[in-house]
Amino acid sequence: MNESIERLDQKRKGALKTYVLGGLLFYGAWIFRFILRETGHLTDALDYAIAVPFAIGVIILLYSFVRVLQVRRAMEKNPEFMEALDDERVRINILLAFKFGFFAILAGLIFFAVFNFFSPIKDVNAIFIGLLLLGAFAYVLKFYILERD
Amino acid sequence: MPGDKLHNTLKVHRARLDWTQEELASRVGVTRKTINTIENCVFVPSTVLALKLARVFGVKVEDLFQLADEDSSGIMEKTD
Numbered sequence: 209m210n211e212s213i214e215r216l217d218q219k220r221k222g223a224l225k226t227y228v229l230g231g232l233l234f235y236g237a238w239i240f241r242f243i244l245r246e247t248g249h250l251t252d253a254l255d256y257a258i259a260v261p262f263a264i265g266v267i268i269l270l271y272s273f274v275r276v277l278q279v280r281r282a283m284e285k286n287p288e289f290m291e292a293l294d295d296e297r298v299r300i301n302i303l304l305a306f307k308f309g310f311f312a313i314l315a316g317l318i319f320f321a322v323f324n325f326f327s328p329i330k331d332v333n334a335i336f337i338g339l340l341l342l343g344a345f346a347y348v349l350k351f352y353i354l355e356r357d
Numbered sequence: 016m017p018g019d020k021l022h023n024t025l026k027v028h029r030a031r032l033d034w035t036q037e038e039l040a041s042r043v044g045v046t047r048k049t050i051n052t053i054e055n056c057v058f059v060p061s062t063v064l065a066l067k068l069a070r071v072f073g074v075k076v077e078d079l080f081q082l083a084d085e086d087s088s089g090i091m092e093k094t095d
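Chains A and P are the protein sequences, given in the same order. Under my numbering, residues 209 to 357 are what the first sequence spells out, in order. Under my numbering, residues 16 to 95 are what the second sequence spells out, in order.
What follows is the structure in structure tokens.
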């Protein structure tokens, strides 16, 4: 039983690490494309080039999401797994990660406000999407940092 | 706040009973990493977890956890 819990914990950490890598690619490509597009520097060639890490990021994110779901399902099937893998330290780390995600969204708001000051943003929906992505990514990033060995 | 750091003797008691961190973790219903972070004074356990740990070791909570400003015998000096 101890080994099963430890194995599941390692699987969760692996899924989080994969998510962070995928998120870096995906969000990095997204923000890079956003800046180029809003400043009028996005060419077709650049657009296609950015699509590659963007697509790879999406695939990695989907894969890690499935792995996280698998871990969650295994935890829900066994109360002992749930008790151990959702212990007080993990719950505190989740709260800390939420806090980090919140401040990341605030930082993102400041970024978009400053950006808009120098180069008025045409696609306002991109701000909402960008902030949502940033908050979600920052949350998982912080949780991964807190949980890693 | 000064003196808020918590020292513990988990490793000593674990060694006494020849338990791994994993074994101790399974006895109190947490992960090995939680035990590791407690032993390394990174994570401060809740009262409930501290009591569970004391119970599995068969000792008092005060024998397991001490505030950093307590003396080496683990007894606070009375100042009144």
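Here a beta-carbon is modelled for each residue, glycine too, at the ideal position from N, C-alpha and C.
Query raised in the report: Along the segment 40 to 58 of chain P, what residues have a CB closer than 8 Å to any CB found in chain A?
Result: Result list: A40, S41, G44, V45, T46, R47, K48, T49, T52, F58.
Query raised in the report: S61 (chain P) and I213 (chain A) look like a contact to me (Cβ under 8 Å); what is the Cβ gap, rounded to whole Å?
Result: The residue given as residue 61 (chain P) occupies position 46 in the second sequence. The residue given as residue 213 (chain A) occupies position 5 in the first sequence. That pair is no contact at about 20 Å.
Requested in this report: Pick helix, strand or coil for N210 (chain A), following the three-state DSSP scheme.
Outcome: Residue mapping note: residue 210 (chain A) aligns to position 2 of the first sequence, counting from 1. Three-state DSSP puts N210 (chain A) in a helix.
Query - L66 (chain P) at chain A interface by Cβ criterion, 8 Å - result: Here residue 66 (chain P) refers to the residue found at position 51 of the second sequence. No, L66 (chain P) lies away from the interface with chain A (no Cβ there is under 8 Å from its Cβ).
Query raised in the report: Rounded to a whole number of angstroms, what is the C-alpha to C-alpha distance between L229 (chain A) and G222 (chain A)?
Result: As a first step, residue 229 (chain A) must be located in the first sequence, where it is residue number 21. As a first step, residue 222 (chain A) must be located in the first sequence, where it is residue number 14. Cα to Cα, the separation comes out at about 11 Å.
Requested in this report: Check whether the Cβ of E77 (chain P) lies closer than 8 Å to any Cβ atom in chain A.
Outcome: Your numbering for residue 77 (chain P) matches position 62 in the second sequence. No, E77 (chain P) does not count as interfacial toward chain A.
Report task. Specify the secondary structure class of N23 (chain P) as computed by DSSP and reduced to three states. Result -> Working through the second sequence from its first residue, we reach residue 23 (chain P) at position 8. In the three-state reduction of the DSSP assignment, N23 (chain P) falls in the strand class, which pools E and B.
Report task. Could you pull the start and end residues of the alpha helix (DSSP H) that L82 (chain P) belongs to? Result -> Working through the second sequence from its first residue, we reach residue 82 (chain P) at position 67. Segment 80 to 82 is the beta strand (DSSP E) holding L82 (chain P); no alpha helix (DSSP H) there.
Query - Rounded separation between E355 (chain A) and N210 (chain A) - CA only - result: For the purposes of this step, residue 355 (chain A) is identified with residue 147 of the first sequence, where counting begins at 1. For the purposes of this step, residue 210 (chain A) is identified with residue 2 of the first sequence, where counting begins at 1. The C-alpha of E355 (chain A) lies about 18 Å from the C-alpha of N210 (chain A).
Query raised in the report: What whole-angstrom Cβ distance do L233 (chain A) and P261 (chain A) have, given they're in contact under 8 Å?
Result: Counting from one through the first sequence, the residue named residue 233 (chain A) turns up at place 25. Counting from one through the first sequence, the residue named residue 261 (chain A) turns up at place 53. With a Cβ gap of about 5 Å, L233 (chain A) and P261 (chain A) count as contacting.
Report task. Give the DSSP-derived three-state secondary structure of T52 (chain P) in the structure shown. Result -> In the second sequence, residue 52 (chain P) corresponds to position 37, counting from 1. Residue state, collapsed to three classes: helix.
Requested in this report: Measuring alpha carbon to alpha carbon, tell me which of A:L250, A:F351, A:A237, A:A257 ends up nearest K307 (chain A).
Outcome: Residue mapping note: residue 307 (chain A) aligns to position 99 of the first sequence, counting from 1. Per the Cα distances, A:F351.
Query raised in the report: Is it the case that the Cβ atoms of A282 (chain A) and F289 (chain A) are separated by a distance below 8 Å?
Result: What you label residue 282 (chain A) is simply residue 74 of the first sequence in a count that begins at 1. What you label residue 289 (chain A) is simply residue 81 of the first sequence in a count that begins at 1. Yes; because the gap between Cβ atoms is below 8 Å, this pair is in contact.
Query raised in the report: Given that L224 (chain A) touches chain P, what residues does it touch there, using C-beta distances under 7 Å?
Result: Working through the first sequence from its first residue, we reach residue 224 (chain A) at position 16. Residues of chain P whose Cβ lies closer than 7 Å to the Cβ of L224 (chain A) do not exist, since the nearest Cβ in that chain is about 13 Å away.
Query raised in the report: Hey, does E284 (chain A) have any beta-carbon neighbour from chain P nearer than 8 Å?
Result: Taking the first sequence and counting its residues from 1, one reaches residue 284 (chain A) at position 76. Taking Cβ atoms only, chain P never reaches closer than 8 Å to E284 (chain A), which makes this a no.
Requested in this report: Going by CA-CA distance only, name the one from A:V276, A:I337, A:N324 that's closest to K208 (chain A).
Outcome: No statement about residue 208 (chain A) is possible, as the shown extent of chain A runs from 209 to 357 and does not include it.
Report task. Give the secondary structure of L314 (chain A) by DSSP, where H, G and I count as helix, E and B as strand, and everything else as coil. Result -> Here residue 314 (chain A) corresponds to residue number 106 of the first sequence, with the count starting at 1. The answer is helix: DSSP assigns L314 (chain A) an H, G or I state.
Report task. Measure the C-alpha to C-alpha separation of S88 (chain P) and I302 (chain A) and round it to an integer number of angstroms. Result -> Translated into the one-based positions of the second sequence, residue 88 (chain P) becomes position 73. Translated into the one-based positions of the first sequence, residue 302 (chain A) becomes position 94. The predicted model places S88 (chain P) with a pLDDT of 49, which falls under 50 and marks its position as unreliable, so this point remains unresolved.
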